[in-house]
Every structure is written in structure tokens, then in C-alpha cells.
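Residue numbers (the numbering used here): 72 to 696. Every residue gets a Cβ at the ideal spot worked out from N, C-alpha and C, and that includes glycine.
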Ligand code: ADP
Ligand code: MG
């Protein structure tokens, strides 16, 4: 037996491992299993090249809990290590450069940073162990010749020869007192499901019961058999060629990925690139209804089938975090912190590539089957609008297939729609005005008025609408959006010709002051308009600008600070309606009641009359029956 000192200049590295890595203790298991996977894949490669002789046999990796001895063991049948290799890879390499690094960043690090910088991979075992042992026999070794390395979480190690019948490595963790959770079957099972679910080599964790049915019908006999419990699928959908997969395979993969989800994704995007960087994956478009709670099925990031994280914010563009699925890339560093990942050159290239792929796929769906795309529009528009708002490149692509849906449920691209409404909806300044409603039910009266004029109305009801139309207005020349209830229809699309009033100048002045004396002036801005006598006598509107600012403030990023805007409305009086003349003909209380009733009716139309005001209005109306 020999003993030695691990080549580490910073003597206190072990306490540092424990302290810094506190929050990520569980990742030791991922590190050790991925080492076992690496060793196994290496062996397979050597065998293919004719450098490892003979049959490889079963290569399944074993995870064993030994509660009695408080051990957790990770056993592989991979390449193994010779004594020299243990010295080289475990004793020497571990902390080269560690001292400089620790001095530089002392106190500013989270655990993942350290792990990432040094491939502390194997040493993460000390986060949960009082003593770590390696028993390993290289594929190169003579029969039974193996090494036994031990270390108790200090710079001293022991190295010994032992007998080991099989090729490969056994890592024995003597679990520390404060880490006994890692001796629980349920905890390890949970970690295997999280980190090893799609690893490339089969991983066995104990056994499980399986029911097998023999015979048919009444003669059928069910028997229980014990089979190895393999925790992973070594060939998940994203590793296969899209040509070999059917829709059902993707649906099956979705269930495998999110067993707790009952939703069905709308469609998928299979990412498959090997140049200029390596990227595979399958992304699913979920159905996102406006006002629906965002689903918690997150995108998972893998490196060569090893789970890295499901916090992909900053790694994929923000709007794509609403998608589900898997991204896998060899070029993503396995165990670095998120801030490091976000600044990584490859990660940024991957991110813009994914954006492009998503745009490609959407465009392809749109072109191949527009009908089908249009049907899905309602469920995907939030993601697309979000993308158009946040990524200029995506906007340029998506404006070709982003749809406008009118109140008759006809669907147009933006360009098609501008063409459809044509000259009819161009105002006197040469701007095309797109009339929209956020709620066809609530704004029915306004929509009817617009349609009576021969105008078309689109439905824009996503939570991003106010931002979205702002973006469209700034990207298209001479394009304006106006909500149908933002003003009287003649003002929304202002043309040259104007109606004249049947009232004289003097009467108009009297009418205005009569109105102002009888309504709350802080709430209503009275405005006289010479409209058609068939239009309503009074209309209440919320100016487009005000409402949009408020909405944008509510959803964030309005760009302008408006404080708490007071609730104010435009109260538009149609001077050509007979009611205007009647108001002028009445006096005192009678005039007051007339104006109040007419105003309440206008409030009702905008669904603004509530509570006591509504009760009083109904009572007054009943009294007048
Ligand atoms: P990395 O995996 O990034 O190289 P690790 O600290 O995880 O860093 O492992 C260090 C080295 O130890 C590996 O590169 C490998 O050479 C060796 N090693 C670790 N585990 C095994 C194993 N199970 N079988 C064979 N070699 C191993
Ligand atoms: Mg490793």
C-alpha cells in the first residue's frame, strides 16, 4: 500500500468544496454517473477501433444503496483506470490552477462556478461523503489486477492493489452524517429521474416487478416477474433522425418528458445541426390561451444526453421559454453557472439559431397548410407576438405569417389585411386605420357602428396587444390602430367632409355649458360633434392613447411613466340628434334628469355603470315607466 498527497496547493480545498457547493450537493450523482457513461462510451469506441479485445459483455451501470454500511455505489464496466491513470487523472489534475482562481474570486462564487472551472466533477463526491473509494480495473490490466484508492476528504490519499474480477470502476461513497438523505431509495430515484433519464448507457437501480400475461382470454394467466429497473431511455427522440419518427413518436416523447402533463402540444420542431456547432433537440409548441396560467413544463437543457438545467432563461431567447422540450448540445459547458452560460459564445450562437429555426418552422407550417396554421393561431399568437416584440429578426420573419382575425373570423396576414380594408379605411392623412376590438361582446355597439359605415374590425385580445400594435405602427409606414370605442367612428377614421350642425353657434355654446353643469367635470370631458342624426345622442369613449398607456403600464414596459392615471372619459354629444334640441328646450331639474339618464345610458353601453350609480339609474327608469 502506498500513501501520498493529492497535488493541491490550496490545502483547504475540501472545506471549500463543501462550503461553496452547498446548494448543489445533489449534482454529485450526475457527475459520477456521467463519468461512468464516459468510461463506457470510451470502451465501446476502443472496441470498435480494435484496441479493446474480446466481448464487452453487459455494460449496464449499476447504482446501489447499502444502507447498512451507509454506502452509495456507482459501478460501471467501462475502461477503468490503471494505477498510473488514477495518479494522473485523480491525484494530479484535479486542482491545477485552483489556487490562483480561488484567490481571485474568493467570496464571489457560487458552487457551480468552481465545479465548472476545474472539472471538479469527480471531487463533487466529497460534498456528501466522509470517505470516497475507487476500485478500478483497466481494460488494459492483467487478470484481477486492480487498484483501490481512498481519501477521507483531506489531501491525503491511499493507493493499494486489490483483486477485482471484472473490468471497470466502482465508486464507493461512504455517505457523511449530514447527507444521509442520499441513502434513501426515493431520493436517489428522484435524482436519477432528473439527471440520468436520457443518458447514453443503461443505468440500473435495483429491480422492479413486472406483470406478464400469458395465454388469451379466460385462459390468460398473469404472473409477476422481477426485472432490472433501468431508469433511462438511452435513445430519446431527439437523438434520432426526424425521418425515422412519426407524429405519434413525438407525442410519446412528450409524455416521457412530462409525465405529469395532460396537455397535448400543438406541433414540434426538431432541431438537428452539426455545423458550425452541435445542436439537437425537440421543441414543442404548447397551446397558450390568453389569460391562461403559463404552463410549468420547462425546456430542459442537456449536454450529450446529460441533464444540465431547466432554467434556460438567458440561454434561449425569452419568448421561447414559453415552449417545451429539450435542447442538447455538446458545445454547452456541463457544469458552469448560469451567468457563465449566458455569456458563453456558443450559447449565444445557439440561441439565435433556435430563433431562426422556430421562424423557419412556423413559416413552413403556414405555407404548407395555411388552414391548419390559422386554426392554431389563437393558441400560438401569444408566443409569436412576444417574439415579434422582443427579437427584431424574428419580427422580420414573422410579419409574413402573423395573422389578423376579424370579427367574422376571417384571417389575413398583415399585408393582406391592409390591402383588404383598402382606401375605405385610409384617413385624410393617408394613414390606413385598423379598427380593433378587445372584446366583441362588450364592444358590440361600437362594432355595429363601424360595420354600418362599411368598416372592418379585427379582434386583438392577447395580453400583449397594446405593445404589439405599438410595434406594428412603428414598423409599418402610415399604419394606425384604433380601438372601436376610442372615439366616434367619424373621428377614428377622419375623412375630409364634415357634417354641419343644425344648431346655431349660440345654441352650441348653451348645450355645452348645460352638459358641463350636469355631469362630473373631473370625470367627463364634454365634446360636441356634428354627427349623423341617426347616431347615438351621447357616446362615452376612452381615448386610444390614454388607454394604451395604461395597458402597457399594466403589462410592463410602457416606456413612459404615467403614475396613477385618473379615470377620465370623453363624453361626446351628437349635436344633430333630436335629444340635443330637447336638452336646450328644458330647464332646471328636468334638464338635469334628462342629461343624467342619457349619460348613464352611454355609460351602460361601455359597461361602465356599476354599483350605486346603476341601482339609481334603474330606479329612475322604473319611476318613469
Ligand atoms: P472530467 O469528467 O471532466 O474529465 P472528472 O473529475 O469528472 O473530470 O474526472 C476526472 C478523470 O477521472 C476523468 O477524465 C477520467 O479520466 C477519470 N475517471 C473518473 N471516473 C472514471 C470512471 N468511472 N472510469 C474511468 N475513468 C474515470
Ligand atoms: Mg466528469
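Going by DSSP, residue 374 is part of the beta strand (DSSP E) stretching over 370-374. Residue 441 places its beta carbon 7 Å or farther from that of residue 507. Secondary structure of residue 533 (DSSP, three-state): coil.
Chain-ordered, the residues whose CB falls short of 5 Å from any heavy atom of ligand 2 come out as 106 and 192. Three or more beta-carbon pairs drawn from the region 642-657 and the region 589-607 are found closer than 8 Å, and the two stretches are therefore classed as touching. Annotation: the region 306-352 contains the following complete segments of the beta strand (DSSP E) (minimum length 3 residues), in chain order: 338-344. The C-beta separation of residue 359 from residue 372 comes to about 21 Å, leaving the pair out of contact by the 8 Å criterion.
When rounded, the separation of the alpha-carbon atoms in residue 100 and residue 148 is 17 Å. No Cβ-Cβ contact shorter than 7 Å links residue 654 with residue 593. Along the region 414-501, the beta strand (DSSP E) occurs as fully enclosed runs of 3 or more residues at 474-476 and 482-484, listed in sequence order.
If you look at residue 614, you'll find it isn't in any beta strand (DSSP E); DSSP assigns it neither H nor E.
Following the DSSP letters along the chain, one finds residue 516 inside the alpha helix (DSSP H) bounded by residues 515-523.
Here residue 483 has 474, 475 and 491 as same chain residues with Cβ atoms under 7 Å from its own Cβ, once five neighbours each way along the sequence are excluded. Contact check for residue 609 against residue 669 passes: the beta carbons are separated by less than 7 Å. The beta carbons of residue 623 and residue 537 sit about 5 Å from each other, so the pair counts as a contact at 8 Å. Residue 503 places its beta carbon less than 7 Å from that of residue 489. In summary, residue 517 is buried, with 16 or more beta-carbon neighbours lying within 10 Å of its beta-carbon over all protein chains present. Not a single heavy atom of ligand 1 lies less than 6 Å from the C-beta of residue 277. Assignment of beta-bridge partners to residue 239 by DSSP yields 208. Distance from the CA of residue 285 to the CA of residue 291, rounded to the nearest whole angstrom, comes to 5 Å. For residue 266, the enclosing alpha helix (DSSP H) starts and ends at 256-266.
In this structure, the CA atom of residue 288 is about 47 Å from the CA atom of residue 142. Residue 396 is bridged by DSSP to 354 and 370. Contact between residue 217 and residue 206 holds, since their C-beta atoms are separated by about 6 Å, short of 8 Å. With fewer than 16 other CB atoms across the displayed protein chains lying within 10 angstroms of its CB, residue 330 is exposed. About 7 Å separates the Cβ atoms of residue 275 and residue 132, confirming a contact at the 8 Å cut-off. Per the C-alpha coordinates, the member of 500, 613, 318 and 109 positioned closest to residue 375 is 109. Three or more Cβ pairs closer than 8 Å define a contact, and the region 384-400 falls short of that threshold against the region 115-130. Ranked by Cα distance from residue 313, the options 351, 425 and 336 are led by 351.
Here residue 296 is exposed, its C-beta having fewer than 16 other C-beta atoms within 10 Å. In terms of side-chain proximity, the C-beta atom of residue 152 is found nearer than 6 Å to a non-hydrogen atom of ligand 1. Secondary structure of residue 229 (DSSP, three-state): strand.
Between residue 469 and residue 451, the C-beta gap is not smaller than 7 Å, which leaves the two residues out of contact.
One alpha carbon belongs to residue 690, the other to residue 666, and they sit about 16 Å apart. DSSP, reduced to helix, strand and coil, places residue 621 within a helical segment of the structure shown.
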